[in-house]
Every structure is written in C-alpha cells, then in structure tokens.
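**Student:** Numbering (the numbering used here), first residue to last: 16 to 195.
Built from N, CA and C at the ideal position, the CB exists for glycine as well.
(1) For the candidate residues 60, 86, 29, 23, whose alpha-carbon lies nearest to that of residue 66?
(2) Does the distance from the CB of residue 183 to the CB of residue 156 come in under 8 Å?
(3) With residue 28 as the anchor, note down where its beta strand (DSSP E) starts and where it stops.
(4) Tell me which same chain residues have a C-beta within less than 6 Å of the C-beta of residue 55, skipping the five on either side of it?
(5) So if DSSP puts residue 61 in a beta bridge, which residue, or which two residues, is it bridged to?
(6) Assign residue 39 to one of three DSSP states: helix, strand, or coil.
(7) In angstroms with no decimal places, state the Cα-to-Cα distance between residue 51 and residue 87.
(8) Is residue 112 buried or exposed, if buried means 16 or more other CB atoms sit within 10 Å of its CB?
(9) So for residue 137, helix, strand or coil by DSSP?
(10) With three or more beta-carbon pairs closer than 8 Å as the criterion, would you say the segment 35-47 touches the segment 66-82?
(11) Express the C-alpha separation of residue 114 and residue 148 in angstroms, rounding to a whole number.
(12) So what does DSSP say about residue 130, is it helix, strand or coil?
(13) Give me the Cα-Cα distance between residue 29 and residue 53, rounded to the nearest whole angstrom.
(14) Answer yes or no: do residue 120 and residue 41 have a C-beta to C-beta separation smaller than 8 Å?
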C-alpha cells in the first residue's frame, strides 16, 4: 500500500465471535481460503483502514512535504539495501526466500514466547497522563492483591480478592488420606 500511494482501503469488519479456533495446526491453502470465506460471510459491516505513513513526522515537528518525501525516500532506500544484503547472504548459503505456501504450511505455534530481555510495556497509549493514571491504578491493584494474599496466608479469608485479577488457589486445609 505504501509504495503504490494507496493510503486507505475498505475492509470487512469481522466480529470477534466469528473467529473460531483452528483445530488442526497444519492448514492447507484450501483450508485457509475456506476459513477466510467463512469469516467474511459473517462480516456484515465494512470499516475503513487508513494508513498514515507520515504521522510520526508530523508528531516530531516535520511538516514540510518535501522533507517528508526525502525521509520516505531514504527509508525505502535503506529497506532496499537491507533486502540486497539479505539476498546476498541467502545466495551464499544457497537458500531461498520463504514463500507464501511454505509459510501457510508451517505449524501454528500459539504458545511461542519471545526471548525478550527488555522492559515490557504495561499500556500503549498516546495520552501520557491517562497512561500514568492507568499504570498507577494497576500498581495499586497489585499491591492490594498482595495484601489480601498475605492476610489469606495468615488465616483471614474474609477479605475478597480485588476484581479483575485472578486469585491464587486457596491454601489446602485438609488432604485426603488413603486407607489401605
């Protein structure tokens, strides 16, 4: 969409309950098309998808269209250079690009957890004040949950666990004894 200059497209809005779980981890192309057709049949509305590639430059104070065009050209040139580097590396080890069909045939792995070492975002929000309030609310909620859990460990089960959090299992008071 970016290189062709198309910045807006109308797509079918698929409700969340129309997306069913996939039973088989390996899908053929025919299965993918059937799944997409099934979801599109349940879509009754259309939404506009708008791509704004220069919005980050507007946010950074770069409003000149010529400077924005130069930056876009630099970005595209850097991407092409990286593609050439990766192409040379693949040719050196005699490997090709992973194609569409191979990607579709690969096993789905919903349990994959990336090996990320950095900090994780608690909340993604462009309004800084709202983000700060949300994070402080979550911290207070977690602190309250810790206090309730400590009181549970002391034997006071009257305090309810804060709503919105999953309570831990209650301590075992009795254990079944097997008679021989």
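**Tutor:** Let's see:
(1) When each option's Cα is compared against that of residue 66, the closest is 23.
(2) Remark: C-beta atoms of residue 183 and residue 156 do not approach each other more closely than 8 Å.
(3) Where residue 28 is concerned, the enclosing beta strand (DSSP E) stretches over 23-28.
(4) If we look at residue 55 and ignore the five residues flanking it on each side, its Cβ neighbours are 27.
(5) Looking at the DSSP assignment, residue 61 forms a beta bridge with 27.
(6) In the structure shown, residue 39 sits in coil (DSSP, three-state: anything other than H, G, I, E or B).
(7) Spanning the two alpha carbons is a distance of roughly 33 Å.
(8) By the Cβ-count criterion, residue 112 is exposed, with fewer than 16 other Cβ atoms from all chains shown falling within 10 Å of its own Cβ.
(9) The answer is coil: DSSP assigns residue 137 none of H, G, I, E or B.
(10) With the cut-off at 8 Å, the segment 35-47 and the segment 66-82 do not touch.
(11) Taking the straight line joining both Cα atoms gives about 45 Å.
(12) Looking at residue 130 - three-state DSSP - the assignment turns out to be coil, as it is neither helix nor strand.
(13) In a straight line, the C-alpha of residue 29 is about 10 Å away from that of residue 53.
(14) Going by C-beta atoms, residue 120 is nearer than 8 Å to residue 41.
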